[in-house]
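Position one of the sequence shown corresponds to residue 1487 (the working numbering), numbered consecutively onward.
Glycine included, each C-beta is placed from N, C-alpha and C at the ideal position.
One structure is given below, encoded as structure tokens.
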Amino acid sequence: MLARRGSLHGSLCARVVRHAACRSRCLAPHSNLHSSARLSVRNSASVPLSEELRARVKNAPLAASYDPTVVEQGWQQHWQQALRPQLESNPKVFSMILPPPNVTGALHLGHALTITIQDAIARWHRMRGLDVRWLPGLDHAGIATQSVVERKLHKERGLSRFDLGREAFVDEVWHWNEQFGGKIMSQIDHLGAIVKKDQSYFTLDDKRSQALEKATKKMLPGRNRAVEFGVMHRFRYQVADSEEFLDVDTTRPETIFGDVAVAVHPEDSRYTKFHGKHVVHPFSHERIPIVTDAVLVNMELGTGVVKVTPAHDPKDFECGRRHKLPEVEVIDKYGKLCGNIDQRFVGMDRFDARQLVVEELQEMSLYVEKLDHPTALSICSRSGDVIEPLLMPQWYVNCGDMARRAADNVRNGVMAIEPKSHAHTWFFFLDNIQDWCVSRQLWWGHRIPAYRLKPGTAGTADASDQWFVAASLDEAREKAEAELGFKLQNDDLEQDVDVLDTWFSSGLLPLSAFGWPNMSCDDAVAKDLSSSYPLDVMETGSDILFFWVARMAMLCEEFSGRVPFEKVLLHPMVRDKAGRKMSKSLGNVVDPLHVINGISLEQLLTDLQGGNVGPRELKKAEKELKKEFPKGIPTCGADALRFTLASYLQQGRQINMDVQRVVSYRHFCNKVWNAVRYALPLLETTKDAKVTADNPADLSLLRDDMTLADRWIMSRLAAVVTEVNNGIAANQLAASVAAIQRFFVQELCDVYIEFSKPVLYGNRLQTNEHEDAAAFEQDQFARKRSAQATLHRCLDYSMRLLHPFTPFVTEELWQRIRDSDPLNTSPSEQDVETSILCSEYPEEAHMSAWIDVDAEERMALVINVIHGIRSLRHTVKVLAPNAAPAGD
């Protein structure tokens, strides 16, 4: 049984006042459609270039070859200027937060996928005129970060946190945070994210601490805390050399390190096929046997499979003797984990380890569920202490009402989860919710703002068991004096040594990131919060739907009275190309900067050896690196990486990432570069050309001069504009990138540019000998001008369509394309330095007038005839014109 416990109650919490203004809630194109087929930069979009950028894109010719290390320099600072709100009155706001990466180390490709998706959404909305407020941040990641720093201390200095003491150890963690926090923000920059860096947050900073105090100070004052007993944890062992698993139950997950076998009943037909085989230990990765034991195993209980831990269970000890199994002691007499086990757990209290083991198994996708299970407790007759298991006090949050609201919001359509297949996970957790233990026996994190009388302080006999939750020591003393009826000194009170669960602080981020709870004392904060909350979308990985998204849904509505977001977009997990989860302990994590900047095999191996990979996994990881990257990873650039990640989103619940695929998309970026480099000289026109009736400035007025190829490519451009926008609006980014790649390569480059060459180069033959030479020359000029304008329009729109996915190369090229408008329709705009980010995104309304079914049908016939001729020529081995036979 659990003793009295504190809980959070929404009726006692401050609520954020609803804001009257209505805001856009969806990703669908807004209704402010444009009738003009021509796009421009916005009136308020003056964004001066830096001297470096001006020299590169305005005063120097386009480089002969695409080099992402050059192209990706300088634009991040330029985009930060472009993020300034529009000058129009009451611009619509689009708000979003970046799931804060843990400060346990560098970002991996899973983080890069999140950034790619969110940045594409953010740029799309920014180019559609919205004020984008996309806030980045870092998570202090209590247990994970503390464990990493403890391992580092032990490895480098042979010290534990107890050797340093709490204050000195926390200083070490802050130093770690400063080191890796800066590295993470640098990685975010390299990926091109247009986050609002001036509004970045850290889940342990002062503002987030104020939010935590606000959320926790209404806890009930009196409670005893207890470790959760009376439950059975079910997890699974993978059968060696197989895709099958065996589920086992245990009330003590921390003893997993002492498991030396799993046992089944010899007559249980469910497991006959596993006799004599082995399972793989999830932490040591060693093979341990599957034994048959009719004494230990009851086929009717649990799963019929029992984990065997001889050193820590008398029945398992006897089983071990019968099967001559080793006895591995993993918990010492002080209740701390010991022995030759995962070093993160050595010296850790068994109950701290219990929770961490469960969390690690969840991360490995090996944790199944938690079941109610009656448990008997043994009491020491001398000390009155519990022998095993040991009672420990904890803080709990009563989640019943909050969970019901969050579940009903999805059922009733108030909140949508996409893909819809993940809704069952939402309901499974929230419909079976238990009280949330929010206290952690750690040193790194938000100290629980609860105080009690120190033992021995004069007062009532049980005063030291009464807790006072307050934002400060002074406030706690005042509460205690009012409750106890006598005066106290501040040093009569002591604060709880535990810290809050990291998910509790991150669960408040939709509110706290925008300034909650400081609305009453700061009008700017109140305005920012009212216009930014709720978020327009919550995009994150499907693996943290319950751990983070559900907690946000519960807590933020509890304190604000409104759901924190109406749409949840979930993306798949990124795994290596073999399908394994990317893990630092496995050595298969790929740093995005290694793909962006390139890295040698030698440096990859050096980085691997300096990590936290165990000896056994290290050899395997080294072998895999040498096999997959024999020449290292070539420089691919952020654009190629982003385009690759977006293209992978057509897969299901996981992405098996092959870095070699990024190399192929670098070739696509090179294709874009070369196409623009080819086109720019052909777009040059007479500098003194004036707009007249014979020399119109609007492409739509050139229809009569257009060739079949011109009209066809404009119709295809109209189709891809619709397809790309629909894909982004429907969260189908893979469909969008596939559409724009198909248009640019197969239709613009392979067909239209080839067809337009005779016109652009002035090589069209005069087929009618009676045609007036002057008339022919005028017609030639008109057709060339039309082809120039068509090609410019296709390149301009292509850069804008591609920009959310490949921001660097499109910005670099668009600056030049913008200055090469053959119609010269807006010289004043061309003189204004700006960013493609401030230009309008092509939408269906811009291009609907260019849909030409007749031109598409006729052009399809022409293309099929050409393909047929080429196929026939290849079949009969007829050389192409002007091709010299071999040997000549």
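Measuring alpha carbon to alpha carbon, tell me which residue in the options is nearest residue i.
i: residue 2060; options: 2144, 2228, 2150; result: 2144
i: residue 1743; options: 1812, 1888, 1780, 1630; result: 1812
i: residue 2275; options: 1804, 2193, 1679, 2097; result: 2193
i: residue 1932; options: 1956, 1991, 1663, 2000; result: 1991
i: residue 1913; options: 1682, 2346, 1893; result: 1893
i: residue 2122; options: 1959, 1602, 2078, 2214; result: 2078
i: residue 1582; options: 1805, 1785, 1999, 2305; result: 1999
i: residue 2015; options: 1997, 2029, 1731; result: 1997
i: residue 1677; options: 1650, 1665, 1603, 1728; result: 1603
i: residue 1841; options: 2150, 2132, 1739, 1561; result: 1739
i: residue 2021; options: 1619, 1547, 1974, 1543; result: 1619
i: residue 1741; options: 1782, 1832, 2333; result: 1832
i: residue 1631; options: 1673, 1830, 1898; result: 1830
i: residue 1768; options: 2047, 1726, 1960; result: 1726
i: residue 2087; options: 2111, 2102, 2103; result: 2111
i: residue 2324; options: 2293, 1889, 2351, 2347; result: 2293
How should residue i be labelled, buried or exposed, when 16 other C-beta atoms within 10 angstroms of its C-beta is the threshold for buried?
i: residue 2355; result: exposed
i: residue 2328; result: buried
i: residue 1570; result: exposed
i: residue 2387; result: The chain is shown only over 1487 to 2374; residue 2387 falls outside these bounds and no answer can be derived.
i: residue 2066; result: exposed
i: residue 2247; result: exposed
i: residue 1539; result: buried
i: residue 1648; result: exposed
i: residue 2186; result: exposed
i: residue 1857; result: exposed
i: residue 1443; result: Within the shown structure, residues of the chain are numbered from 1487 to 2374, placing residue 1443 beyond reach of any answer.
i: residue 1771; result: exposed
i: residue 1546; result: exposed
i: residue 2173; result: For residue 2173, the predicted model reports a pLDDT of 45, less than 50, meaning its position is unreliable; a value from the coordinates is still stated below. By the 10 Å Cβ count, residue 2173 comes out exposed.
Starting from residue i, trace the beta strand (DSSP E) in both directions and tell me its first and last residue.
i: residue 2026; result: 2024 to 2027
i: residue 1748; result: 1747 to 1750
i: residue 1736; result: 1731 to 1736
i: residue 2165; result: Note, residue 2165: premise wrong, no beta strand (DSSP E); alpha helix (DSSP H) at 2146 to 2168.
i: residue 1766; result: 1764 to 1766
i: residue 1559; result: Neither: residue 1559 is in no beta strand (DSSP E) and is coded neither H nor E.
i: residue 1579; result: 1579 to 1583
How far does the alpha helix (DSSP H) with residue i in it extend, from its first residue to its last?
i: residue 2331; result: 2330 to 2333
i: residue 2384; result: Residue numbering for the chain in the displayed model covers 1487 to 2374; residue 2384 lies beyond these limits and cannot be assessed.
i: residue 2241; result: 2239 to 2246
i: residue 1793; result: Premise fails: residue 1793 lies in the beta strand (DSSP E), 1791 to 1794, not in any alpha helix (DSSP H).
i: residue 1841; result: 1836 to 1849
i: residue 2342; result: 2339 to 2361
i: residue 1912; result: 1909 to 1917
i: residue 1786; result: Premise fails: residue 1786 is in no alpha helix (DSSP H) and is neither H nor E.
Run through the DSSP bridge pairs and tell me what residue i is partnered with.
i: residue 1688; result: 1624
i: residue 2119; result: 2085
i: residue 2057; result: 2027
i: residue 2021; result: 2051
i: residue 1937; result: 1954, 1981
i: residue 1922; result: 1883
i: residue 1774; result: 1765
i: residue 1721; result: 1734, 1853
i: residue 2140; result: 2059
i: residue 1618; result: 1580
i: residue 1904; result: 2055
i: residue 1817; result: 1823
i: residue 1588; result: 1625
Examine the ligand PLP and report whether any of its heavy atoms sits within less than 6 Å of the Cβ of residue i.
i: residue 1618; result: Absence of the ligand PLP from the depicted structure is noted, as is the absence of any ligand whatsoever, leaving it without description.
Checklist entry - Is the segment 2154 to 2169 close to the segment 1547 to 1566, with three or more CB pairs under 8 Å? => result yes
Checklist entry - Any contact of the segment 1794 to 1801 with the segment 1813 to 1821, i.e. 3+ C-beta pairs under 8 Å? => result yes
Checklist entry - Any contact of the segment 1650 to 1657 with the segment 1921 to 1936, i.e. 3+ C-beta pairs under 8 Å? => result yes
Checklist entry - Does the segment 2294 to 2313 come close enough to the segment 2267 to 2285 to have 3 or more Cβ pairs within less than 8 Å? => result yes
Next on the checklist: Whether or not the segment 1914 to 1923 and the segment 1962 to 1974 are in contact is what I'm after, with contact meaning three or more pairs of Cβ atoms, one per stretch, closer than 8 Å; do they touch?
Outcome noted: no
Next on the checklist: Pairs of beta-carbons, one from the segment 1594 to 1609 and one from the segment 2128 to 2135, closer than 8 Å: are there three or more?
Outcome noted: yes
Next on the checklist: Quick check: the segment 2321 to 2340 against the segment 2187 to 2206, are at least 3 beta-carbon pairs closer than 8 Å?
Outcome noted: yes
Checklist entry - Between the segment 2113 to 2122 and the segment 2072 to 2089, do at least 3 Cβ pairs fall closer than 8 Å? => result yes
Next on the checklist: Between the segment 1692 to 1701 and the segment 1744 to 1755, can you find at least three pairs of beta-carbon atoms closer than 8 Å?
Outcome noted: no
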